[in-house]
Structure formats: C-alpha cells, structure tokens
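**Student:** Protein chains in written order, with this note's numbering: chain A, 30 to 335; chain B, 3 to 302; chain C, 2 to 539. The C-beta atom is built at its ideal place from N, Cα and C for all residues, glycine as well. One structure, as structure tokens, below. Some questions next.
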Amino acid sequence: MTRYLLKRFFTMLITLLGVSILVFLMIHLIPGDPVLNILGEFATEEAINNLKAELGLNQPLYMQYFSFIGNALQGDLGQSYITNLYVVDEIMNRFPITFQLAVYSLIIGAVVGIIMGTIAAVKQNTIFDQLAMMVSLIGISAPGFWIALFLIFVFAYQLPIFPISGYDGFYSLILPSITLGLATSGNIARMTRSSMLEVIKQDYMRTAEAKGVNVFRLIFGHGLQNALIPVITLIGLQFGHLLAGAVVTETVFALPGIGSLAIEAIATRDMPTIQGLVMFMAFIFIVVNLLVDIIYSAVDPRIKYE
Amino acid sequence: MSQVVTESKTEGLVGNMPEAAKPKSYWSLVWRRLKRNKGAIIGAAILLFFIIASVGAPILSPYPMEEMKMENRFIAPSADHWLGTDEFGRDILSRMMYGGRVSLMMGLVAVSIAGIVGVFLGVISGYYRKLDIYIMQCMDILLAFPSLLLAIAIIAVLGVGLTNAMIAVAISVIPSYVRVVRGTVLSLREKEYIEAVKALGVSDFKIILKHILPNVLSPVIVLSTLQFGTSILAAASLSFLGLGAQPPAPEWGAMAYVGKSFLLNAWWMSLFPGLAIMLVVLGFNMLGDGLRDALDPRLK
Amino acid sequence: MKKKRFPVLLSLVMMLALAACSNAGQTAKEGTKDSGSEGDAAGKAGGTITVTSVREPDTVDVQRTTWVDDANTHIYEPLVKFDEDGNIIPALAEKYEISEDGKVITFTLKEGSKFHSGANVTAEGVKKSFERFIDSAPTNYMVGPLEEIVVVDERTFEFHFSEPFAPFLSNATTAYLAPLDPAAIEEHGDEFGNHASSAGILNVKEIKRGSSITLESFDEYKLGAPYSQNKGAAGFDEVVFRFIPDDDTRILEFKRGNSQVMLSVPPNYIKELEADPNTEIAKTLANGHVYLGMNNKKKVFQDLRVRQAIALAIDREPIVDFALEGAAQPIFGPLPPAIPGYSEEVEGAAAKMYAHDLEKSRSLLKEAGYTGTNDAGIVTKEGKPLSLELWVTQEPTMQRIAQVLQNQLKEVGIELKISVQEDATIRAQSPEGKHEMLLWTYGWYDADILHSMFGRDLSTRVHYQNDELISILEKARITMNQDERMELYKQAQMILVEESPWVPLFVRENVTAYRDLEGFKIHPITGTIIWSDVKLKK
C-alpha cells in the first residue's frame, strides 16, 4: 500500500509538471499581450516596454517558466496582472462556490442517475428501460446554456420560486445544480444500468431470487451494493470535472466560481491567474482521482495493488 | 490496480470483446440484437431524419439559406415559415437544414480525428508495453487539464473558427479513445492465439492489423457514437462563448446562442436549434447504448 | 512585491474542510441581507438600488485601470466636470485659470470638501494623489507634458507643463484624474482598490470580486452639479452594482423587479422594455463611434478609389435598423456629436460625399482596375478576386453588423470574409498590421482622440499616416485657444473625410432601463448616471 501510494504520488508530480509546461506553452502561444490589456487602448510604446520589463515578460521563455515553477513550488502563484490580487486569494475566494455547486450537482446527478439506471436494468428491454434511459440522457443531450435558460425562465421568472442569478447562499445554487446534475445523471444512469445488469445475471442473485426473496429488497439490498462499485469510480471522475468549474453554467447564472474566473483571465490574457487556476484545477482533479481509487479498493477487496 | 481502475473508467466498454476477428455471422448477430433494441431503433431513426434533412438541404430547404429579407423579420412559426424567421428575415428551417451539415460534419470530423489518433496511440500503448508509461502519462496530463479550458486555449492559439473548434474538441476527446483501445489491446495480448501467432514469427504490424484492430473495432464504434454527440455539444458550448462557428455559418449551437438573445420576442429562434441539438445528441446516445448492448454479449 | 504563500501540498481533505467552512461563513453572512429600507428622516428616502452591468471593472482604483464606468466612477470627484452641453464647469475645484503662455493652470479648491475618510481635501493631498498617478497609472499619458505641481496654499495649486497641453481640462473631467485620499493611499498602497477613498457622491462599502460592488451614499457630499437639484448627499442609502455576464439573465432580473437599473441594454431588448409600463428608458449618444477600419498598410487599400468604393457601398440605415434595432445614429464624419470638435459642416460634407451610391462605387472599383467578375459575382483585378477578411469581436451585435456589411459589399462585388477574433487577439495583432479590415470602436471626451488614433506611429488599428494630418493634430494639442483649436480639428476631419482611411458607421445609443425610481438621469456627455436626484419610489 505504501509503495503504491508513493508511486501514485510520483506520477501525480509528473502529471502536474506536464500540465504546468502545457499551460505555460499555451499561454505564450496565445496571441494577445497582457501588457496591452493592462495599459489600454492608447498606451505608448515606452510604457509597454517598461511594463514588460517590470513583469519579466522580456526574459527568455525558459527563465520565465523556471521562475513560475519555482514560485509555484513554494506556494506562490503570483499576483493577477489585471486586478493585482494574489491568485491564491482569488482562487480561495471563488472555490467555495464551485465546490458547493459540484457537491449539489453530484448529489442530484447520482440520485437521479442511480434510480433511473436501476429501473432500466431491472426492467430491461421494456418500455420502462427505454423511458428511464431517455429521461436521464436528456440532461447530457441538451446544450447547457439552453437548459439553464429554460430553468431560469420557468422556475425563477415565470414562477418566482428561485433567484434568477447571483450567489446568495444555498437557495441560489439549486437551479445551477439541477442544470449540472442533469448533465451528470446520464452517464451515471448508463453505468448503473450496465453494472446492475451484470450483477443481476450473477448466480447468487438468481439463487436468491429462486429462494423467493422480495425482488425489491434483493435489488436494493444486494444488487445495488455490488453494482455501485464501478459507479463510484465514475462519480469520482465526474466530481473531478465539476470541481474544475462549470464555465457555461457559472456564466448564465452569474456565479463567481472558478470557471468564470478562468474565462475572465483568458479574455484578459492574465497569465498568472490562468496558470494558477489550471494548476489548481489539475491538482484537484488528480487528488480526487487518487481518493476515488483508494475508496474503490476499500469497497472492492478483490483489487490488489500492483 | 491502476490498470483495473482505468478500464472501469471507460464505462464498461472494455474487456469482454470477442476474441478473434469474427466471421460475418457475428455482425449479423449484432444486427439482430440491435434490431430488437427499441432505444437503438428510435435513436437511429432520429439520426436518419436529421441526416436526410441536412444532406438534402439544397433540394428540400424551402428558402435560400443566406437570403436576408428585412420585411420578413421575426415571423413566428407559420405556414410559410414552419419554424419562423430570424432577425434578418432568414428562414430558420432552411438555415437549420444547412446548419445540420455544419453540426454533423463538426461531430464527424472531431470524432474521426480523435478516433484515428486515439486508436493509434491506444494500440501502441497496449501492444508495446515500453511506450505505454509515456503515452499514458501524456494522456493523464491531457485529462487533468480542464477540458473546456483546454479547448478554449487551443482555439485561442489557433484562432477562432469552425475547423479549429473541431481540432480543439478532438484533442480533448483523444484520451478516452486511448484508454478504451489500450484496455482492449491489453486483454488481447495475453490471449493464447496471439502468443501463438507471435511464436510463428508473424510481424507485429501484421498482428496488429489482422488480429488486434478488428477486435478494437466494436468498442471504438460504441465510443465514437457516444462521442459524436458529446462533440456536437462541446461545439455548442464553444459557440456560447463566441468561439465556435463564424457568422453567417448556421451551426446549431451558434443559432441557439444568437436566438437566445431574442428570447422574449422571438422564442422560436433559440428553441428549435436547441431542440435539434438535443434530439441529435439523444439519438447518438441511444444508438450508442444500443450498440453497446448488442456488441457486448455478456449483457444478454 | 511582497509574496504570499500557501502550502501547495495541502491535503485535499484539509482544503475541502476549508472550503466547507468558508462556505458556512459566507452563507450565514449573506443570509441576513440588509435591505436598508428603513429610511432616514424627512427628505431622505433611503433604500438600496440595484444596478446590473455586464463587465466588472478590474479594480475601483482608477489609477490602476484603463476602464472606468458607473461602477467605479462615482466614488471619485474630479477637479472639473462637463455640464450637459459639454462645457467645462467647476467640480472639486471652484475655479481654474490658464496662464498667458498656456503652460500653467492654477486650480482653487472649493472650501470644505471632504474625502470619504473625513479628511479635508487639500492642495497638498491633490499633489500627492497626482504624484502617484504620474508614477504608476497606466493612463498617465493623460496629463501630457506635466512637469511639476506647485502647492500655493491650502486650497490653491498650479500645474506646470513644459508646453501647452490643450486636452488636459477635458482629461481632468474623468475619474482617472480625480484626487484620491492621500491617507488611504498611504495606508493601503497597492491595496487601495479594496479600500478606495475619494470625494465622490458614493463611497465603497463592500467589494465582492466576481459578483458585486456595493457603494453607499457619502453623507458629507456637497458638490452636487448645477444641473441637479440636490446639491448634497444622495437620497438613498446604497447602490449595489451586480455583474451579470449573460444579458438574457440580466433582463429577466430587471423585468422581475430585482434590479432597478439595467445599464447598456442590448439593442434587441429595447422594444420589449419600451412596451413595459413599469419601465422607463434613458438614451444618450455614445462619445465615439463604431467604424469599419481598413489596414491602410495593405496594398489593396493604398488605392483611394478602393477605400472610397467601400465607403460608398455601405448603407448605414439597414445596419442601424436591423443590426441595432434602431438604437444608433448613422455617422459619416470622424467625430460624434458628443465630442467637442464635432462639426455639422464636416458631417454634412461627409454625408454628401459618401451617400450610399452603388453605381459610383462600382465605377470607382472599375477605375481601380477591378474590371473582371468571377463566377461568384466578385470583381477581379488581373484575375484576382477582391476578397477581404474582416475581424470582428465575439459580441453578437458586432457579428450582426458584420453580416449586414457582408451583404452590402457583395452588391458591388466585394467579398467580405467574417473572421471572429477574441478582443485580446485584435488588440495585440492589429498594431502589427496582421488584419485586413476590422470592425472596431472608440470613445473619448476630447477631440485629441484623433491624435491618439492618427498621430505619428500611433495608428494601431487602421495604420493610416498622413504628414499634413499629423502636423495639424499636433498643433491642435498645444493650441489653448478653444476656437482656434476647433478650427484645426475641422481641417483634420476634412482630410480624414476625403482620404477615407476608415468608414465611420454609426454612433451607438447607450440605452439604460430603469424602474421604481424618480429623478433618474443620465449625463448626456459622459453617459454616466447622475445620482444626486435619484430616489426610490415609495
């Protein structure tokens, strides 16, 4: 176990290093100059050159990279070129909203997905199967902004049940969570269904059924429990994605999460913020995956560490 | 252990594929199974409908796509304009029929690029174990990079436009192909008959071509069908951010996005293109699920 | 720069716990939202006004940004301001005098003005603020050749320039040049943006990055302009600026009554809002225009006939009517009515010269050598079709304009290829001249903008350099006599009209929708809200 964890830790570092190089290269390949965004439309050439020197943008690329990675290793992601705020602070200010949104969305997605997936599996090849799958697939089939707008229009505008936009506590996250939750439920339902089918076909289930155990109890007592193992992995993966921020949903609902921060940063070519955010998102994603793997092995003792 | 997990992450596509290249009877069996699957049939029917409408656009569409007629602005759905008109008096139905070509082509190109690159890398990774660690490390990096941001960054580098959007979407999809293919190849490698063929001195290239690729086909078909829908959706998200199709190209996502800003006075402008996206993606998802059921005998 | 660190390899569990904790804190705090509607004694109605806007200012520190709008400008009180006709009138300064040679401007501050912190506004304080501005503001070119600031007494100070700088007074009306509270600068330094203090009608209460800025009425404000009835503090408690990037979400918030003011209403919603009995609309003309820019460095545009042919092929009416739903005014000349220097004579001449004329456009193209026509109906010169790439930003309205332009130019056989580019990409690549054409806009308060756009080596968007034009514009900068200066701008504009290096299209109407408010006005020159008389309706 320790050896395995060490190995994973090592891969994690390499992956993060890779991400850092990738994001660094990309930022410098993107046409657009942060200095022009800072100095505005009518900046003089002299001012542009001075600022470039001050920000270290006229140094060779590899130097810039090393200073970035050196500072990052010490936990310093720098200051935003545009707002002068510390990138770490900006992320920490906004991450709680993204985090809550991810948790609620995942709960909605998992509940809907698992229920629909189970129904579909138990009633395989009936109209219920098709119906349940269709319902759960609609969420991953429609464009996010479209669903979001529909929800706002109906449940916040026509029927003023929820706030239309902005972050104002739990209540304001319900519609965005439904938007994202629906988009997550499809995959979870699909996974639940196939893994449930697998379990149902296994001998012990058949035996239990033959012994006259109540079908309902059978499914929720034994079937689901075993079928859930691969579903957990998927949920973990989805969680990792959700934590990276939902750009479109955050934009439509005007939520100040890290997804909208990323969009702003890219639009203004705010290099420290882009780099910091991508590194942070990658880090979270990797850690969540590691955790999922560990949980996975805890639930399923058959898995052995290499 | 990481291997096991990796495979299950690919949504159960892997590891149960038929062992050798199957004779025709296998595919006819699949076909019979597929025909019995109502979901798949519905999905296929939806897709067929949209494909016919798009392919036949030059003949079928009631109006020219780009003709601006300002006196016809914002006409609600009616006998003349079944799905209404937009802010320049252009017929939405006609634009959607042409737009179907853009959106479907977008999905097709993205899936093809991702599929070809992904299968190539996946086979190499699974077959030549020495390269495996490097390729998978690269894929891990790509996966850890937030996907929409990756696409946005790629477009920012390459420039806004449909082609670049397709490339961007394709790149973010590659890792899922690599994982699926690699998993399949790994399970095949251990099979006795592959060992036997190898012992006979058959070249790697031939083994891959004759014995590996045919078996990789089924999971790749299923994955492609599902990714087709995902790609169309990703394109729509990019259009929402102004990074997708360029005007006046009638890509559905762009139409839905532009129409969205006329929500209160011309709801039809965004409703119909949005519905089209939803139906097509739903179609691909249902067909994909059906294909998976049909191709995976264990589930029967 | 001091550094801030946090342990990178923080375990996720800790981080999640942290996130959860700060959530709880935030939710609790925001759960008890203070409506503040109790109101004070007679005359002061109180209450909170919510304004929605699309773009969040990068900071409210005007010396650290190039973006000033309603959300940050009202914190500041400039030395002078524009009245509703564009004349410069006193604000924080009670008067100003320009020396004979035009090199010294002497300001005298009004008595008893206070900063938000309670400190008096003094000449020494103004000097300190300007020193910071010159030292580090990205917009410090706005003070021109300023050499030093001399404090004469408590309320009097002089600006000494090395040569006359005519645009200075117009520039001084903007928040960029407004004095900041020296005590706050000293205390917070670069963090000033989070604790801004100046002498404006509103002071900072709370800034929530990514979502809102809350400003409250500054009780000791006494500088109400002559054009507003109330000269004292505003008649409400707070203004919350909420930033909602999606316009459709924004309009739903407004229609539901969750916000009282909707800034920059997108054109397609104007009719809808006009029809709403609860809503009132305020319109002002922008102080700039949207133009079709040509990259005059490119060979194809070095032929005047081609530039003129393009200008003649464009019909502004349909653009205004169908791409902007009527929320704009066509313009032919270089300056819009809101900028002093605008001349009806120039505008009239330009409108006559470039009235929509397809025949003339076609014949000019023929003269320029585009005699052939290919299968697609595009004119050709030596077999090469006249196909031009137009850079457009992601903004839907701009894309609509581009589509109309595309159709119009096709009429005379010019193919326009629309290429959507990110804003930042256009800013970075147009100075390098990588584009052929672009759809771009400008806005300013002074005719000196022409110098910024066409001065020596300054033409970063259209790359047009003309020695005669440059010398006139440079002369106008140092001409302190207003009439002479305006005459120079007239000459400069006529050159631009004849040379047609760009095609001015229209002046946008800034449309603001408001509801449940009385006394609401938008300043016709600056386009910002005049808060003095605004009250919530009971």
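Check Ser199(C) in the structure and name its three-state DSSP category.
**Tutor:** coil
**Student:** On the DSSP bridge list, what partners appear for Tyr443(C)?
**Tutor:** Beta-bridge pairing links Tyr443(C) to no other residue.
**Student:** Between Ala514(C), Gly327(C), Pro525(C), which has its C-alpha nearest Leu286(C)'s C-alpha?
**Tutor:** Pro525(C)
**Student:** Leaving out the 5 sequence neighbours to the left and right, which residues in its chain are closer than 6 Å to Ala46(B) when beta-carbon positions are compared?
**Tutor:** Excluding positions up to five away in sequence, the list reads Leu289.
**Student:** Below 8 Å on the Cβ atoms is my contact criterion, and I expect Ala185(C) with Ser118(C) to pass it. Report the Cβ-Cβ distance as a whole number of Å.
**Tutor:** 6 Å
**Student:** Curious, which full-length alpha helix (DSSP H) runs of at least 4 residues does the region 428-502 of chain C contain?
**Tutor:** 450-455, 468-478, 483-500
**Student:** Please state whether the Cβ-Cβ distance between Gly215(A) and Leu166(A) is less than 8 Å.
**Tutor:** Taking 8 Å as the cut-off, the Cβ atoms of Gly215(A) and Leu166(A) count as close.
**Student:** Taking the Cβ atom as the reference point for each residue, do Ala356(C) and Arg306(C) lie within a distance shorter than 8 Å?
**Tutor:** no
**Student:** Any beta carbon from chain C within less than 8 Å of Thr40(A)'s own beta carbon?
**Tutor:** Taking Cβ atoms only, chain C never reaches closer than 8 Å to Thr40(A), which makes this a no.
**Student:** Go ahead and pull the three-state DSSP assignment for Leu389(C).
**Tutor:** strand
**Student:** Against Asn269(C), what residues of chain B qualify as contacts under a CB-to-CB distance less than 8 Å, listed in chain order?
**Tutor:** The contacting residues are Glu89, Ser263, Phe264, Asn267.
**Student:** Which ranges does the beta strand (DSSP E) cover as unbroken runs of at least 3 residues, wholly within the region 129-160 of chain C, from first to last along the chain?
**Tutor:** Listed in chain order, the complete beta strand (DSSP E) runs (minimum 3 residues) inside the region 129-160 of chain C are 147-154.
**Student:** Between the Cα of Glu383(C) and those of Leu389(C), Thr374(C), Arg462(C), spot the shortest distance and give me the residue it belongs to.
**Tutor:** Across the set Leu389(C), Thr374(C), Arg462(C), the C-alpha of Thr374(C) shows the shortest separation from the C-alpha of Glu383(C).
**Student:** Within 8 Å of any Cβ in chain C, is that where the Cβ of Val222(B) sits?
**Tutor:** no
**Student:** Using the Cα positions of Pro319(C) and Val266(C), report the straight-line distance between them to the nearest angstrom.
**Tutor:** 20 Å
**Student:** Flag this pair as yes or no: are the beta carbons of Leu459(C) and Tyr490(C) separated by less than 8 Å?
**Tutor:** Taking 8 Å as the Cβ cut-off, Leu459(C) and Tyr490(C) do not qualify as a contacting pair.
**Student:** Are Leu518(C) and Leu537(C) touching if we call contact CB-CB under 8 Å?
**Tutor:** yes
**Student:** Is Val260(B) close to chain C, meaning its C-beta is less than 8 Å from at least one C-beta of that chain?
**Tutor:** yes
**Student:** Counting only Cβ pairs nearer than 9 Å, list the residues of chain B close to Lys272(C).
**Tutor:** Asn267
**Student:** Residues of chain C with CB closer than 8 Å to the CB of Asn122(A), please, in chain order.
**Tutor:** Arg210, Gly211
**Student:** Tell me whether the beta-carbon of Leu284(A) lies closer than 8 Å to the beta-carbon of Ala294(A).
**Tutor:** Between Leu284(A) and Ala294(A), the gap from beta carbon to beta carbon reaches 8 Å or more.
**Student:** Which of the three DSSP states is assigned to Leu133(B) in this structure?
**Tutor:** helix
**Student:** So, with DSSP's three-state summary, where would you put Met107(B)?
**Tutor:** helix
**Student:** From this set, Ser272(B), Ala78(B), Val32(B), which residue's C-alpha is nearest Ala238(B)'s C-alpha?
**Tutor:** Ser272(B)
**Student:** Residues in its own chain within less than 7 Å of Val121(B) by CB, not counting five upstream and five downstream?
**Tutor:** Tyr179, Val183, Val218, Val222
**Student:** Just to confirm, are Ala197(C) and Pro79(C) a CB contact at a threshold of 8 Å?
**Tutor:** The Cβ-Cβ distance between Ala197(C) and Pro79(C) does not fall below 8 Å.
**Student:** According to DSSP, Gly294(C) sits in a beta bridge with which residue or residues?
**Tutor:** Bridge partners of Gly294(C): Leu439(C), Trp503(C).
**Student:** Report buried or exposed for Asn243(A), applying the criterion of at least 16 other Cβ atoms within 10 angstroms of its Cβ.
**Tutor:** Looking at its Cβ environment, which holds fewer than 16 other Cβ atoms inside 10 Å, Asn243(A) is exposed.
**Student:** Could you check how far apart the C-beta atoms of Ile120(A) and Phe282(A) are, in whole angstroms? I think they sit under 8 Å.
**Tutor:** Not really, about 20 Å apart at Cβ, beyond 8 Å.
**Student:** Per DSSP, what kind of secondary structure is Glu416(C) in: helix, strand or coil?
**Tutor:** Of the three classes helix, strand and coil, the one that applies to Glu416(C) here is strand, per DSSP.
**Student:** In three-state terms, what does DSSP make of Glu89(B)?
**Tutor:** coil
**Student:** Give me whichever residues DSSP pairs with Asn121(C) in a beta bridge.
**Tutor:** Lys115(C)
**Student:** When the Cα of Ala139(A) is compared with those of Leu263(A), His270(A), Phe38(A), which residue comes out closest?
**Tutor:** Leu263(A)
**Student:** Where DSSP assigns a beta bridge to Ile50(C), which residues make up the other side?
**Tutor:** Val240(C)
**Student:** Is the Cβ of Met225(A) closer than 8 Å to any Cβ of chain B?
**Tutor:** no
**Student:** Using the beta-carbon count (16 or more within 10 Å), is Asp238(C) buried or exposed?
**Tutor:** buried
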